[in-house]
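The sequence shown begins at 1459 in my numbering and counts up by one. Cβ atoms here follow ideal geometry from the backbone N, Cα and C, with glycine treated the same way. Treat the numbers as computed from the prediction; the structure is a model and nothing was measured. Some notes on the structure that comes next.
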Amino acid sequence: MAAGGDTAGAVTDPDMVALFDDFLGKEESVTMGLSPRVARPYQYVLRDTEQRGLCLRDGHLVATALQGANSAQE
């Protein structure tokens, strides 16, 4: 909860939802005891020496300079 009793509103990013659906899939029942083949996400280590922000642009994760009053906190 934020100061003053305000709560942050939920924001759903359709690109992130699609990404999770691709890797986690929908729930399916398995009738023959075999597990369906599931895509696994790649794992990366990301080091940002210039303290830049990350955003999703056209399906690509890109580093951008922080802007605005909150840039010191982000």
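Item                                                                                                       : Value
Compute the distance between the beta-carbons of Gly1511 and Leu1524, then report whether it is under 8 Å. : yes
Closest to Glu1508 by CA distance: which of Gly1517, Leu1514, Arg1515, Thr1522 is it?                      : Thr1522
Beta-carbon separation of Leu1517 and Asp1473 under 8 Å?                                                   : Before going on, a small fix: residue 1517 reads as Gly here, not Leu. The answer is yes: Cβ separation under 8 Å.
Which residues does DSSP pair with Val1475 in a beta bridge?                                               : Looking at the DSSP assignment, Val1475 forms no beta bridge with any residue, so it has no partner.
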